[in-house]
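Beneath this line is the structure, given in structure tokens, with notes to follow.
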Amino acid sequence: MERDLKLMNRSRGLYFLGILLFFFLGLIASPQAVLGGQDPQESSSSASGSEQQKAVEAPSDVSATTEIQACQSCHGDITASFERTPHWKTMNDTRGGHAKQGCEACHGPGGDHADDPSKPVFDFKKATSEDTTDRCLTCHASGSEHLSASNSFHRQNNVSCTSCHSMHHATTREHMLIKREPGLCYSCHLQQKAQFNMPFRHRVNEGLITCTDCHNQHGTSGALEGDHLVRQVRASSSGDVVCFKCHTDKQGPFVFEHEAVRIEGCGSCHIAHGGANPRMLKYSNVDLLCLQCHTNSPGIHATVMDANQSHYEQACVNCHVKIHGSNFNGLLDR
2 MERDLKLMNR
12 SRGLYFLGIL
22 LFFFLGLIAS
32 PQAVLGGQDP
42 QESSSSASGS
52 EQQKAVEAPS
62 DVSATTEIQA
72 CQSCHGDITA
82 SFERTPHWKT
92 MNDTRGGHAK
102 QGCEACHGPG
112 GDHADDPSKP
122 VFDFKKATSE
132 DTTDRCLTCH
142 ASGSEHLSAS
152 NSFHRQNNVS
162 CTSCHSMHHA
172 TTREHMLIKR
182 EPGLCYSCHL
192 QQKAQFNMPF
202 RHRVNEGLIT
212 CTDCHNQHGT
222 SGALEGDHLV
232 RQVRASSSGD
242 VVCFKCHTDK
252 QGPFVFEHEA
262 VRIEGCGSCH
272 IAHGGANPRM
282 LKYSNVDLLC
292 LQCHTNSPGI
302 HATVMDANQS
312 HYEQACVNCH
322 VKIHGSNFNG
332 LLDR
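Residue 2 is where the sequence shown starts when you use my numbering, and the numbers rise one by one after that.
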């Protein structure tokens, strides 16, 4: 009896072993059964091509750290300095709304370049100023002061982001600038550099004020004074809100306004950067400055210019002391 049970169990084992062997041989003879009718070599090739396409077209699926490590094998000198920049900090840190960005975020897909270095990626040194700016604005356009950069005077004069900023070799941690203000601005604005060396000037060279305290280097959607990128903090027809940030006593509101201040702005009398005249006035003779507008004003008989009059050499501001505005009378004399 016991012998019969052993034979029966052995027969069952051989039976199941035969079924498994049959199934395995079927897979070898017909691989399409598990590959959906697709040749295994073709499937492998397709998968490889798909992965390559994925690496090229969708680099965001690859971690930024992996990108850096791949690029570092050839560009070690660049990645070494890049590690000290704010861009590096945001590579795998999405706090503050930053996306995970690696090399490909700026230089484009690099899979082909990694396989064959002769195949280029986006090169900022060879790109046009427009292409460079557009590339930077893919991240820096929304929710920042760069909103008007695409229409700024800097861009219209072929000044790109990399004219002032260095992604890999910045000398300042703040804003990743090539050099600090005002030296950076002086690289192009030589006339303004000379004005800041005049006897009466804003204290830019002394570090008490910076160019970007008054100017928005990326452009502005507010009022402009001439062709200057005046930074606006609120709407103003004359564009002088930026002046009133410091010169608050001249802002008012006044019961009796000096229309030159309200309509034409501070620049109608003053040179913004610096000049040879006290109070940075456009003319050394204050009367000549006033007569630019008041030559034909009622009640003015050119007394300041007539040597036979008692008012000769008396400046207008000797009487009209509140030239920016008054709360007492329209003559602005108190």
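Using N, Cα and C, we set each Cβ at its ideal position, and we do this for glycine too. Computed from a prediction, not measured in an experiment: that's the story for all the values here.
Looking at the DSSP output, residue 327 bridges to 257. Cβ neighbours of residue 249 within its own chain (closer than 7 angstroms, five residues either side excluded): none. From the listed residues 263, 162, 286, the smallest Cα separation to residue 318 is found for 286.
Note that the C-beta distance between residue 201 and residue 279 is below 8 angstroms.
Across the structure, residue 264 and residue 325 are spaced so that their CA atoms are roughly 12 angstroms apart.
Ranked by Cα distance from residue 122, the options 109, 78, 132 are led by 109. Residue 68 is positioned such that its CB atom lies no closer than 8 angstroms to that of residue 107. Here residue 156 carries a helix assignment [DSSP, helix/strand/coil]. Under the three-state reduction of DSSP output, residue 276 falls in the strand class. Counting the other Cβ atoms within 10 Å of the Cβ of residue 184 gives fewer than 16, which makes it exposed.
For the set 135, 182, 191, the Cα lying nearest the Cα of residue 207 is the one of 182. For residue 169 against residue 255, the beta-carbon gap comes to about 52 angstroms, at or over 8 angstroms, which does not count as contact. Under the three-state reduction of DSSP output, residue 271 falls in the strand class. Pairwise C-beta distances place the region 84 to 93 out of contact with the region 111 to 127, as fewer than three of them are shorter than 8 angstroms.
Judged by DSSP in its simplified three-state form, residue 216 adopts strand.
Looking at the DSSP output, residue 282 shares a beta bridge with 271.
Under a 10 Å Cβ-count criterion, residue 152 is classified as exposed, with fewer than 16 other Cβ atoms of the shown protein chains found around its own Cβ.
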